[in-house]
């Protein structure tokens, strides 16, 4: 039987490799193997009770019908208030569109701002969905190499040409755990103003930073009126709402109007009962986030010290819940690649981690410490023994 036709744009993208690995791990567990997960970027905390209660109340009140495409006013205003409170951004409801998770936000952004053949600059290392979201718009990701996870500002400027439409960054960074400096963010905003580009800023881990300074993205640093910056945000990481699939974008009103047109055909709206849960998360953010941040800071210190014993070139994480050690040359020589090393660790140590090549940076490993301290200690002990 002849295979049915599949479009070129789908053939041009690859399935999320982290999702593929999750399938392999599920198969091992189905066979009775006990696997420690250092691979899944998901907080191990339960969804806050206040969020569950608000969602349940919305369901019992019958808030289950069609709703406004960009999100209900109560949630968009809550998001605008948060942006003003936390980063000094002059946002209004009209600057916000709520979508089904930050993955849909990213897909929609590039559908709106890119024509076929356009380019988007993607610093390495990058989150796995960035380049595929760009390719799905018929555009091309242009990768810029970096050292130790820092932004290569000179390389970014050199990559700009007449086809460039945007630069995308993620800080705190997945996979490196880096928090980019205020000076770098100011420079990026300046470049985008001068070159008439969008600056797409994925800020999913904004509440999970371990330094003394509060988080501020490019808009908070140098674009308070959202003239160039598109803030991509999720309720998944900060509020332990991964299964709720809710995210949003904040940006110029002209962009939001264009995105609303797309969303009106793409999904219509996000569920109102989910939006009610998200509003409760925003209203109770301090109580939700404080304990979680303290816990992850403690875990980051433990994981960092244990990782250094095995992989000496482990940068100290500044945010999110990831380590991104560089693999020493003798291990690369022994196992051949970061993917082979990660597979060896999975099979022999029964610990799941991700190779840096998934994130555009071969020769590294991404180790997620979003699990309890006992598992962190057991996992690193097993890795050490298998090497």
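Numbering (my numbering), first residue to last: 18 to 404. Just so it is clear, CB atoms sit at the ideal spot from N, CA and C, and this is done for glycine as well.
>> Tell me which residues share the same chain as residue 305 and place their Cβ nearer than 7 Å to its Cβ, disregarding the 5 neighbours each side in the sequence.
In response: 65, 256 and 298
>> Given this structure, state the Cα-to-Cα distance separating residue 91 from residue 337, to the nearest angstrom.
In response: 28 Å
> In this structure, does DSSP put residue 340 in helix, strand or coil?
Replying inline: strand
> What first and last residue would you give for the beta strand (DSSP E) that runs through residue 264?
Replying inline: 264-267
> Per DSSP, what kind of secondary structure is residue 157 in: helix, strand or coil?
Replying inline: strand
>> Tell me the DSSP secondary structure of residue 250 in three-state form.
In response: strand
> Are residue 264 and residue 116 closer than 7 Å when you measure CB to CB?
Replying inline: yes
> Who are the Cβ neighbours of residue 344 in its own chain at under 7 Å, not counting the five residues just before and after it?
Replying inline: 328, 355, 358, 380, 381 and 382
>> Quick check on this structure: which residue in 149, 130 and 161 has the alpha carbon closest to the alpha carbon of residue 183?
In response: 130
> Any contact of the region 239-253 with the region 277-284, i.e. 3+ C-beta pairs under 8 Å?
Replying inline: no
> If you scan the region 264-312 from start to end, which runs of the beta strand (DSSP E) of 3 or more residues do you find wholly inside it?
Replying inline: 264-267
> Excluding sequence positions up to five away, which residues of its chain have a Cβ less than 8 Å from the Cβ of residue 181?
Replying inline: 135, 136, 137, 138, 159, 212 and 214
> From residue 96 to residue 232, what distance separates their C-alpha atoms?
Replying inline: 16 Å
> How many angstroms separate the CA atom of residue 142 from the CA atom of residue 107?
Replying inline: 31 Å
>> Is the separation between the beta-carbon of residue 309 and that of residue 55 shorter than 7 Å?
In response: no
> Per DSSP, what kind of secondary structure is residue 219 in: helix, strand or coil?
Replying inline: strand
>> Quick check on residue 347: buried or exposed, where buried means 16 or more other Cβ atoms within 10 Å of its Cβ?
In response: exposed
>> I'd like the ranges of any beta strand (DSSP E) spanning at least 3 consecutive residues and lying wholly in the region 37-91.
In response: none
> For the region 170-177 against the region 195-211, are there 3 or more C-beta pairs whose distance is under 8 Å?
Replying inline: yes
>> Residues in the same chain with beta-carbon distance under 8 Å from residue 156, minus the five sequence neighbours each way, listed in chain order, please.
In response: 127, 131, 132, 133, 134, 135, 136, 137 and 182
> Between residue 326 and residue 401, which are expected to be in contact by the criterion C-beta below 8 Å, what is the C-beta distance as a whole number of angstroms?
Replying inline: 7 Å
>> For residue 349, tell me which candidate among 261, 226, 372 and 236 has the shortest Cα-Cα distance.
In response: 372
> Are residue 250 and residue 220 close, meaning C-beta to C-beta below 7 Å?
Replying inline: yes
>> Quick check on DSSP: helix, strand or coil for residue 431?
In response: Residue 431 is absent from the model: the chain starts at 18 and stops at 404.
> Per DSSP, what kind of secondary structure is residue 117 in: helix, strand or coil?
Replying inline: coil
> Which residues mark the beginning and the end of the beta strand (DSSP E) in which residue 185 is found?
Replying inline: 181-187
> CA-CA distance, residue 289 and residue 124?
Replying inline: 22 Å
> When burial is assigned at 16 or more other CB atoms within 10 Å of the CB, is residue 114 buried or exposed?
Replying inline: buried
> Tell me the DSSP bridge mates of residue 381?
Replying inline: 343
> DSSP puts residue 142 in a beta bridge; with which residues?
Replying inline: Beta-bridge pairing links residue 142 to no other residue.
> Is residue 407 helix, strand or coil when you go by DSSP?
Replying inline: No answer is possible for residue 407: the residues shown for the chain start at 18 and end at 404.
> Name the DSSP bridge partner or partners of residue 330?
Replying inline: 343
>> For residue 86, tell me which candidate among 281, 378, 390 and 330 has the shortest Cα-Cα distance.
In response: 281
>> Let me check one thing: in DSSP terms, what residues is residue 106 bridge-paired to?
In response: In DSSP, residue 106 forms no bridge with anything.
>> Only counting the same chain, and skipping five residues up and downstream in sequence, which positions put a Cβ closer than 8 Å to that of residue 395?
In response: 53
>> Am I right that residue 217 and residue 185 are in contact with their C-beta atoms under 8 Å? What's the rounded C-beta distance?
In response: 4 Å
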